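Heads up, the thing below is written out as structure tokens.
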Amino acid sequence: MFKTIHLKTTERFQMVEILDEIKNYVAESGVRYGVVVIHVPHTTAGVTLNKNYDPVVQNDILTKLKDIVPKEDHYGHIEGNSDAHIKVSLIGSTETLIVDDGRIELGMFQSVFLCEFDGPKKRRINIKILSDK
Amino acid sequence: MFKTIHLKTTERFQMVEILDEIKNYVAESGVRYGVVVIHVPHTTAGVTLNKNYDPVVQNDILTKLKDIVPKEDHYGHIEGNSDAHIKVSLIGSTETLIVDDGRIELGMFQSVFLCEFDGPKKRRINIKILSDK
Amino acid sequence: MFKTIHLKTTERFQMVEILDEIKNYVAESGVRYGVVVIHVPHTTAGVTLNKNYDPVVQNDILTKLKDIVPKEDHYGHIEGNSDAHIKVSLIGSTETLIVDDGRIELGMFQSVFLCEFDGPKKRRINIKILSDK
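Chains as they are written, first to last, in this note's numbering: chain G, 1 to 133; chain P, 1001 to 1133; chain R, 2001 to 2133.
Right under this line is the structure:
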């Protein structure tokens, strides 16, 4: 079971919660025990797990990433988005989640976010479900 | 096969080796070929693979993370642990390990650590084993 | 299906593209639907997904990582490669890729790189393929 979801980001830096789309696909698949692999097929956007309850946390994450990897620096890449590539390698492009009894195992306030570092852009997220059986 | 292990951290910043618990569960499962997914269901603690032979390495990792993401900064999140959330997105919340012939494939000094960034706290680690067959 | 590939890095800091080796193993395995787990069994080299089209991007990533985690600092580890261990925990040691219709799902310019942080060294990369069926 494999699906690609599509979304449009609206800011250069943005965390977009994508848990509902993943949950819906798990429900649709009927898989009760297994894993879900999330893959962002871009090199200037990544994926992370973090807190969804307070959007300020997402803002703090993005702000600190901008401090650590500023947009302007002595970069060689001429497209002007080297900072976005670097941030992706720090945050990562894949996550593997556990499905147990039809439910994605996550902490109470833990969710899944696409991390946009060079938006606004059209983005894809690949979702693969592997069943136990 | 899915299991949650529980532990208590004792420091605000701490790396706790969890390889024995994972190894025991793989042995118990009887799975000889497959993968193990490790998931930390918290947003202020993560998981990483690194060296277990010299505990000073763990200390160097935690100290440098504190330099990169200081506890106090212009954070918006009012709970006072934004730094912990940011560190989690840098380190990650999931790992997928390979099981071959009943053995978890790791380097000679490579091990699995829960990374506590906002302890001391009670923490859970989800372990899922997917068999090849 | 499990395989270890071997390579020699030639620099202290280097990103080595390993996608061809992974593609070849997927083709050889005959698996059309499933996932591929990539694991680097070292603690001073990691794995990341990023852009392969412009090698300058790889250079920008490595240069910025050297800024964030300098080789010399107040590290306790006496082997002189604490920076490499820290970089590995930031970049990560595992990736899980999706295989659909015999093809590894990646973005157009997205590829897989071993990240050498303490070379030149002989390195191994573990590749595990899990089939859907």
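C-beta: ideal position from N, C-alpha, C; glycine also.
The structure presented is a predicted model; accordingly, all values stated were derived computationally and were not measured.
{"Check": "Status (buried if at least 16 other CB within 10 Å, exposed otherwise) for residue 2004 of chain R", "Outcome": "exposed"}
{"Check": "Contact set between residue 76 of chain G and chain R, taken where Cβ atoms lie within less than 7 Å", "Outcome": "2056, 2059, 2060"}
{"Check": "Contact set between residue 2107 of chain R and chain G, taken where Cβ atoms lie within less than 7 Å", "Outcome": "41, 42, 43"}
{"Check": "Cβ separation of residue 2129 of chain R and residue 2029 of chain R, assumed to be a contact under 8 Å, to the nearest whole Å", "Outcome": "5 Å"}
{"Check": "Among R:2033, R:2026, R:2052, nearest to residue 2016 of chain R - alpha-carbon criterion", "Outcome": "R:2052"}
{"Check": "Reduced DSSP secondary structure (H/G/I, E/B, other) of residue 1022 of chain P", "Outcome": "helix"}
{"Check": "Residue closest to residue 2079 of chain R, alpha-carbon to alpha-carbon, out of P:1073, P:1092, P:1057, P:1080", "Outcome": "P:1057"}
{"Check": "Contact the stretch 106–123 of chain G vs the stretch 2110–2127 of chain R: 3+ CB pairs below 8 Å", "Outcome": "no"}
{"Check": "Segment contact flag, the stretch 1108–1122 of chain P with the stretch 1071–1086 of chain P, C-beta cutoff 8 Å, min 3 pairs", "Outcome": "yes"}
{"Check": "Beta carbon proximity, residue 1098 of chain P to chain R, threshold 8 Å", "Outcome": "yes"}
{"Check": "Contact check, residue 1099 of chain P vs residue 1033 of chain P, beta carbons under 8 Å", "Outcome": "yes"}
{"Check": "Extent of the continuous alpha helix (DSSP H) to which residue 87 of chain G belongs", "Outcome": "82–91"}
{"Check": "Distance CB(residue 35 of chain G)-CB(residue 1037 of chain P) smaller than 8 Å", "Outcome": "yes"}
{"Check": "Chain P within 8 Å of residue 2092 of chain R, Cβ atoms only", "Outcome": "yes"}
{"Check": "Close Cβ partners of residue 2071 of chain R (< 6 Å) along its chain, the five nearest in sequence each way excluded", "Outcome": "2083"}
{"Check": "Residues of its chain near residue 2062 of chain R, where Cβ-Cβ distance is below 6 Å and the 5 sequence neighbours each way are ignored", "Outcome": "2013"}
{"Check": "DSSP state of residue 1031 of chain P mapped onto helix, strand, coil", "Outcome": "coil"}
{"Check": "Within chain R, partners of residue 1050 of chain P - CB distance below 7 Å", "Outcome": "2043, 2085, 2088, 2089"}
{"Check": "Proximity below 8 Å, CB of residue 2060 of chain R to CB of residue 77 of chain G", "Outcome": "yes"}
{"Check": "Residue(s) in a DSSP beta bridge with residue 66 of chain G", "Outcome": "DSSP, once it has assigned bridges, lists no residue as partnering residue 66 of chain G."}
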